[in-house]
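Protein chains in written order, with our numbering: chain B, 7 to 550; chain S, 175 to 487.
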């Protein structure tokens with residue numbers, strides 16, 4: 007590996023060299039920073055905190071489901087627990103997780119820029135995130151919310167729990183997400199290093215760019231919808247509640263018009279990370295660059311046209327149902343293309359099973375299951391049986407957790423040395439990854455069977471015949487949690503060491519590896535010059 | 175094959191179930207093949223192309239047009255075929271036969287109420303004759319519910335501002351579970367019902383006089399059954415704990431303060447009135463949310479419930 011190190015570690019001396027972490031000190035220097043890297047780091051700790059909180063709710067939910075009837079909490083508490091698990095994980099962790107935390111840090115580095123296009127907007131987005139999180143926290147402290155993260159009307163407009171607080175929180179978080187999106191679009195358009203044409207951008211940029219477009223176009227619809235709920239609750243204007251003359255199914259259309267594209271806000275950045283990790287650890291050119299880049303954009307586009315597949319049993323017209331089903335199948339194709347491209351990239355590569363690559367491989371397996379089981383749900387007649395059962399719960403956890411969260415872990419392990427200048431323990435990383443893989447599959451594979459057999463989701467109490475599988479799933483969640491705590495342990499432990507990460511620990515070809523780990527405040531000593539493409543690992547072109 | 179299916183899906187109870195199951199199994203096998211393909215190639219590549227030396231040189235393979243077209247078009251063809259199969263069987267489920275037994279369904283937190291064409295009403299259970307199509311016309315009195323019978327493979331949301339409908343053709347005699355699958359609050363997971371599919375003769379007999387099992391039951395036992403099946407259990411506990419309504423524990427013989435300042439002795443007549451006209455007297459500290467059971471209980475069933483409440487010491 008020695009040949010790829012551009013800056014060999016000289017730990018003793020480098021400790022005193024200025025970098026973005028130590029150049030300015032004190033809490034104020036962080037709270038007022040305009041440095042995308044520092045904002046990314048603040049986002050990172052915040053989303054990880056949200057992940058911990060959402061995870062605690064998940065463990066409570068799984069624990070309660072160990073037995074039918076009451077295990078540890080009442081039905082009301084259970085309903086609040088699964089609502090907060092969903093709302094926190096989605097709005098506070100997964101949506102900002104990759105773009106705002108990892109993306110903020112590496113996006114400018116990957117295109118050779120000093121910062122994002124609008125550094126103040128970037129900081130504003132972080133403060134909006136914090137404000138939104140505080141609203142969500144307030145809704146919890148003042149009694150919680152029991153609507154499910156989907157806020158379906160008229161339940162959400164008539165329940166006495168703190169819906170207005172949580173929806174206002176989600177509304178503010180939406181603006182945070184829009185700010186990030188606008189910023190990234192401008193950054194990608196205007197701040198690429200000279201010579202980096204669109205087709206020479208790393209694929210991570212393509213993925214984040216496609217995500218940003220969805221964030222900017224779809225999130226306002228969620229904002230308006232949530233505001234309408236608050237208006238209906240506070241001023242009794244009939245919009246969604248039939249008792250006031252509204253239409254509850256209208257809410258579902260509005261909600262899913264955002265929330266389905268939002269699924270791609272969550273998964274596209276995950277795919278973007280995988281497109282970086284696999285070539286680096288296979289030491290090989292990415293296969294089908296254009297196919298991966300364009301399929302991200304295709305996914306972003308089609309994602310706006312499939313929201314009705316959440317509503318096959320809602321009473322929408324049969325024609326609408328058929329059209330949405332068909333479009334849903336179309337969106338499967340770009341995802342399938344990506345999986346084949348990643349596999350082909352590994353073909354004849356030089357595969358190094360370091361932690362990021364282990365997570366990338368885990369992503370391929372789990373995302374394949376998540377994607378393939380989506381075929382059941384796109385098929386109308388089969389979906390009618392599976393809709394709102396544990397099958398759906400298992401499916402979206404395979405995509406969201408098996409896909410996005412595992413990709414987030416891949417990215418975190420990949421860029422950790424760049425972000426903090428330290429290497430983590432590879433020998434702890436492997437058993438932790440194994441625990442996560444085993445625990446995850448135990449937890450959610452069982453839920454496919456539960457759902458097919460007719461176990462509805464959001465059930466506090468359940469028929470006795472379902473208990474064995476629920477017990478299995480709950481035990482799996484403990485294994486999964488143990489694995490995740492191990493990751494937290496060795497990553498945090500690495501921060502206690504002096505800087506020991508070389509500039510390019512993995513032999514990557516993208517620009518972030520050409521500067522020091524951690525980078526200096528202005529990212530690069532001088533504007534980088536592109537000498538090769540992002541995936542130029544091979545000396546010569548070999549014909550098809 | 176069939177054993178695998180019966181592991182994953184509940185026993186089929188309607189003519190339509192087999193259609194869904196066949197499609198389910200078809201997709202299952204397509205999934206298995208594709209997963210094995212992906213996982214197999216992945217494992218092989220990881221092993222075969224593992225890094226042996228740090229300076230290994232890899233070939234530059236940027237793309238392969240033919241291969242990429244193949245792996246785009248084959249999945250596309252497969253999913254389009256699956257789409258048509260799913261659409262076709264869905265339409266079979268939507269368009270029912272003309273001659274069906276029509277039953278009105280009303281969902282309310284957290285009970286299912288049924289009304290037969292002859293005006294008979296039941297709660298949380300219906301009797302239907304085997305091998306005769308049934309059409310349900312459904313609406314909700316409060317929030318959205320969803321009517322799901324796993325063994326029939328049917329599901330439809332029940333909305334507060336419009337009718338939705340659903341039909342099925344039961345082929346298996348026996349009891350089929352009905353579940354609510356749209357989250358509706360505290361009692362969501364207890365909003366269950368039973369669909370008794372019986373022979374035509376038994377169906378007529380039941381229409382006349384209720385089912386034979388309950389006719390022979392002692393009053394208190396019948397009362398317990400009704401307490402569990404007619405929705406009382408969602409709001410009234412037996413152990414003294416407070417839910418939407420007062421607990422039944424030790425309630426008989428007590429004197430309760432009412433909301434309007436009067437007080438009432440809990441005796442047979444008061445219980446009867448509270449079941450049939452729940453809005454007449456509201457106990458202080460509780461909301462007037464209980465629906466009326468007027469016309470929903472036979473005279474003997476009323477007596478049974480009162481007897482059951484009396485036995486809760």
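Here a beta-carbon is modelled for each residue, glycine too, at the ideal position from N, C-alpha and C. Keep in mind it's a predicted model, so treat the numbers as computed, not measured.
Along the beta strand (DSSP E) that carries residue i, what are the first and last residues, could you check?
| i | result |
| --- | --- |
| residue 367 of chain S | 366-372 |
| residue 296 of chain S | 295-297 |
| residue 289 of chain S | 285-289 |
| residue 331 of chain S | 328-332 |
| residue 280 of chain S | 275-282 |
| residue 232 of chain S | Here residue 232 of chain S belongs to no beta strand (DSSP E), and DSSP marks it neither H nor E. |
What is the rounded straight-line gap between the Cα of residue i and the Cα of residue j?
| i | j | result |
| --- | --- | --- |
| residue 79 of chain B | residue 414 of chain S | 18 Å |
| residue 265 of chain S | residue 292 of chain S | 30 Å |
| residue 255 of chain B | residue 251 of chain S | 33 Å |
| residue 383 of chain B | residue 320 of chain B | 15 Å |
| residue 133 of chain S | residue 402 of chain S | With chain S covering only 175 through 487, there is no way to say anything about residue 133 of chain S. |
| residue 379 of chain S | residue 313 of chain S | 28 Å |
| residue 179 of chain S | residue 236 of chain S | 43 Å |
| residue 311 of chain S | residue 298 of chain S | 15 Å |
| residue 506 of chain B | residue 171 of chain B | 45 Å |
| residue 77 of chain B | residue 68 of chain B | 10 Å |
| residue 415 of chain B | residue 427 of chain B | 17 Å |
| residue 203 of chain S | residue 375 of chain B | 13 Å |
| residue 281 of chain S | residue 245 of chain B | 22 Å |
| residue 508 of chain B | residue 423 of chain B | 8 Å |
| residue 71 of chain B | residue 84 of chain B | 9 Å |
| residue 489 of chain B | residue 270 of chain S | 51 Å |
| residue 482 of chain S | residue 220 of chain B | 59 Å |
| residue 476 of chain S | residue 307 of chain S | 32 Å |
| residue 364 of chain B | residue 286 of chain B | 13 Å |
| residue 339 of chain B | residue 141 of chain B | 39 Å |
| residue 446 of chain S | residue 409 of chain S | 17 Å |
| residue 473 of chain S | residue 233 of chain B | 50 Å |
| residue 408 of chain B | residue 269 of chain B | 13 Å |
| residue 58 of chain B | residue 92 of chain B | 13 Å |
When the distance is taken between beta carbons, is residue j closer than 9 Å to residue i?
| i | j | result |
| --- | --- | --- |
| residue 457 of chain B | residue 395 of chain B | yes |
| residue 218 of chain B | residue 243 of chain B | no |
| residue 53 of chain B | residue 98 of chain B | yes |
| residue 560 of chain B | residue 209 of chain B | Beyond the ends of chain B as shown, which are 7 and 550, falls residue 560 of chain B; an answer cannot be given. |
| residue 273 of chain B | residue 477 of chain B | no |
| residue 226 of chain S | residue 431 of chain B | no |
| residue 424 of chain S | residue 460 of chain S | no |
| residue 328 of chain S | residue 349 of chain S | no |
| residue 479 of chain B | residue 429 of chain B | no |
| residue 373 of chain B | residue 345 of chain B | yes |
| residue 343 of chain B | residue 276 of chain B | no |
| residue 101 of chain B | residue 63 of chain B | no |
Note the first and the last residue of the continuous alpha helix (DSSP H) segment covering residue i.
| i | result |
| --- | --- |
| residue 311 of chain S | Residue 311 of chain S -> not in any alpha helix (DSSP H); beta strand (DSSP E) instead, spanning 308-314. |
| residue 374 of chain B | 361-384 |
| residue 195 of chain S | 191-222 |
| residue 455 of chain B | 432-458 |
| residue 502 of chain B | Per DSSP, residue 502 of chain B belongs to no alpha helix (DSSP H) and is neither H nor E. |
| residue 278 of chain B | 254-288 |
Indicate the three-state DSSP secondary structure (helix, strand or coil) for residue i in the structure shown.
| i | result |
| --- | --- |
| residue 473 of chain S | helix |
| residue 338 of chain S | strand |
| residue 402 of chain B | helix |
| residue 18 of chain B | The predicted model places residue 18 of chain B with a pLDDT of 46, which falls under 50 and marks its position as unreliable; any figure quoted below should be read in that light. Helix at residue 18 of chain B. |
| residue 584 of chain B | Outside the shown range of chain B, which is 7 to 550, sits residue 584 of chain B, and nothing can be said about it. |
| residue 379 of chain S | helix |
| residue 343 of chain S | coil |
| residue 456 of chain S | coil |
| residue 409 of chain S | helix |
| residue 202 of chain B | coil |
Listing by chain order, which chain C residues have their CB less than 7 Å from the CB of residue i?
| i | result |
| --- | --- |
| residue 538 of chain B | Here chain C cannot be found, since the structure's protein chains are B and S. |
- Query: In the stretch 331-354 of chain B, which residues sit with their C-beta less than 7 Å from some C-beta in chain S, listed in chain order?
  - Reply: 331, 332, 335, 338, 339, 342, 343, 345, 346, 349, 352, 353, 354
- Message: Give me the subset of the stretch 387-410 of chain B whose CB atoms are less than 8 Å from a CB atom of chain S, sorted by chain position.
- Response: 387, 388, 389, 390, 391, 393, 394, 395: these are the residues of the stretch 387-410 of chain B whose beta carbon lies less than 8 Å from some beta carbon of chain S, given in chain order.
- Query: Of all the residues that make up the stretch 375-387 of chain B, which are near chain S by a beta-carbon distance shorter than 8 Å?
  - Reply: 375, 378, 379, 381, 382, 384, 385, 386, 387
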